[in-house]
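Following: one structure in structure tokens, then a few remarks.
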Amino acid sequence: QKEVEQDPGPLSVPEGAIVSLNCTYSNSAFQYFMWYRQYSRKGPELLMYTYSSGNKEDGRFTAQVDKSSKYISLFIRDSQPSDSATYLCAMSKANAGGTSYGKLTFGQGTILTVHP
Amino acid sequence: DAGVIQSPRHEVTEMGQEVTLRCKPISGHDYLFWYRQTMMRGLELLIYFNNNVPIDDSGMPEDRFSAKMPNASFSTLKIQPSEPRDSAVYFCASSRLALRYQETQYFGPGTRLLVL
Chain Z
6 QKEVEQDPGP
16 LSVPEGAIVS
26 LNCTYSNSAF
36 QYFMWYRQYS
46 RKGPELLMYT
56 YSSGNKEDGR
66 FTAQVDKSSK
76 YISLFIRDSQ
86 PSDSATYLCA
96 MSKANAGGTS
106 YGKLTFGQGT
116 ILTVHP
Chain B
6 DAGVIQSPRH
16 EVTEMGQEVT
26 LRCKPISGHD
36 YLFWYRQTMM
46 RGLELLIYFN
56 NNVPIDDSGM
66 PEDRFSAKMP
76 NASFSTLKIQ
86 PSEPRDSAVY
96 FCASSRLALR
106 YQETQYFGPG
116 TRLLVL
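If you read the protein sequences in the order shown, they are chains Z and B.
For the first sequence, the positions run 6 to 121 when this note's numbering is used.
For the second sequence, the positions run 6 to 121 when this note's numbering is used.
The structure is reproduced here in structure tokens:
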């Protein structure tokens, strides 16, 4: 069983829709939770970053972490065709001082298409 | 800043040949990561360095793979001999010293490797 599970999709939505992307994980040692966006034939780029549990909002994007359920989500409001990409969740462990080890474990990635 | 630079961008080789992938991290970054991405396995961490020293190479699939970082501005990933199953996109990423609440890995554009 993989440490991080993510539905690869593909997911197709109309422009303006609310998109929900999710990952589950099995290792309770994960403390840092990230979402990366990867456009076709490009490297991943960091989209959202959360430490421990809670919500974080940035413009049209909201990241949620529920450590009790080992479940993280990314919501995209008012989705745009430019949001079409692969979205990867990623996680890392932290030492006793709370500093990330830097070693990321990625989900499989969800392919999202937003059509006009 | 120019970002993470990888070369070559594309490589086609025949089974049994040696392949060398190159990476120049962002100046001032202390960590360097090598990843491999395939449709089947997603994005996998192969090895990472901190201050030019290999920290974790548990993701390196076989002895055919080796990585070096002779200085802070250059790293190589070598496959010898290459096999068709090594065909993938190889990404290099770099980040600064991990700080609490601040952890961003910057990815290069990747090298698309095809082994015939």
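From the three backbone atoms N, C-alpha and C, an ideal C-beta is built for every residue, glycine too.
Reduced DSSP category for residue i - H, G, I as helix; E, B as strand; rest coil
i, result
"Asp91(B)", "helix"
"Ser87(Z)", "helix"
"Gly115(B)", "coil"
"Asn57(B)", "coil"
"Glu50(Z)", "strand"
"Asp63(Z)", "strand"
"Lys98(Z)", "strand"
"Gln11(Z)", "strand"
Residue of the options minimising C-alpha distance to residue i
i, options, result
"Phe66(Z)", "Cys94(Z), Phe38(Z), Ser84(Z)", "Ser84(Z)"
"Lys7(Z)", "Ser31(Z), Val18(Z), His120(Z)", "Ser31(Z)"
"Ile121(Z)", "Leu109(Z), Pro86(Z), Ser78(Z), Phe35(Z)", "Note that residue 121(Z) is Pro in the sequence shown here, rather than Ile. Checking every option, the nearest Cα to that of Pro121(Z) belongs to Pro86(Z)."
"Lys75(Z)", "Met96(Z), Ile23(Z), Asp88(Z), Gly48(Z)", "Met96(Z)"
"Val94(B)", "Pro86(B), Asn55(B), Pro114(B)", "Pro114(B)"
"Ile60(B)", "Met44(B), Trp39(B), Arg69(B), Phe112(B)", "Trp39(B)"
"Leu82(B)", "Phe70(B), Pro75(B), Asn76(B), Glu88(B)", "Phe70(B)"
"Leu51(Z)", "Phe38(Z), Ser45(Z), Gln69(Z)", "Phe38(Z)"
"Pro15(Z)", "Ser78(Z), Leu26(Z), Val9(Z)", "Leu26(Z)"
"Asn57(B)", "Leu51(B), Leu50(B), Ala77(B), Met45(B)", "Ala77(B)"
Burial state of residue i, where buried means 16 or more other Cβ atoms lie within 10 Å
i, result
"Ile23(Z)", "exposed"
"Ala7(B)", "exposed"
"Phe110(B)", "The question names Phe, but residue 110(B) in the sequence shown is Gln. It counts as buried."
"Arg90(B)", "exposed"
"Gln85(B)", "exposed"
"Gly59(Z)", "exposed"
"Pro66(B)", "exposed"
Cβ separation of residue i and residue j, assumed to be a contact under 8 Å, to the nearest whole Å
i, j, result
"Thr55(Z)", "Tyr92(Z)", "No, Thr55(Z) and Tyr92(Z) are not in contact; Cβ-Cβ is about 15 Å, not under 8 Å."
"Gln43(Z)", "Ala90(Z)", "6 Å"
"Thr116(B)", "Gln42(B)", "Incorrect: roughly 11 Å between the Cβ atoms, too far for contact."
Identify each residue in the stretch 35-63 of chain Z for which the Cβ-Cβ distance to at least one residue of chain B is less than 9 Å, and report them in chain order. Those would be Tyr37, Met39, Tyr41, Gln43, Arg46, Lys47, Gly48, Pro49, Glu50, Leu51, Tyr54, Tyr56, in chain order.
Tell me which residues of the stretch 40-54 of chain B have at least one Cβ-Cβ distance to chain Z shorter than 7 Å, keeping chain order. Going along the stretch 40-54 of chain B in chain order, one finds Gly47, Leu48, Leu50, Tyr53 with a Cβ nearer than 7 Å to chain Z.
Can you pull out the residues from the stretch 63-84 of chain Z whose beta carbon lies closer than 8 Å to at least one beta carbon of chain B? Residues of the stretch 63-84 of chain Z with a C-beta atom less than 8 Å from some C-beta of chain B do not occur.
Could you run through the stretch 107-121 of chain B and flag, in chain order, every residue whose CB is less than 9 Å away from some CB of chain Z? So the list reads Gln107, Glu108, Thr109, Gln110, Tyr111, Phe112, Gly113, Pro114, Gly115, Arg117, given in the order they occur along the chain.
What residues in the stretch 17-40 of chain B have a beta carbon less than 7 Å from any beta carbon of chain Z? Listed in sequence order: Tyr36.
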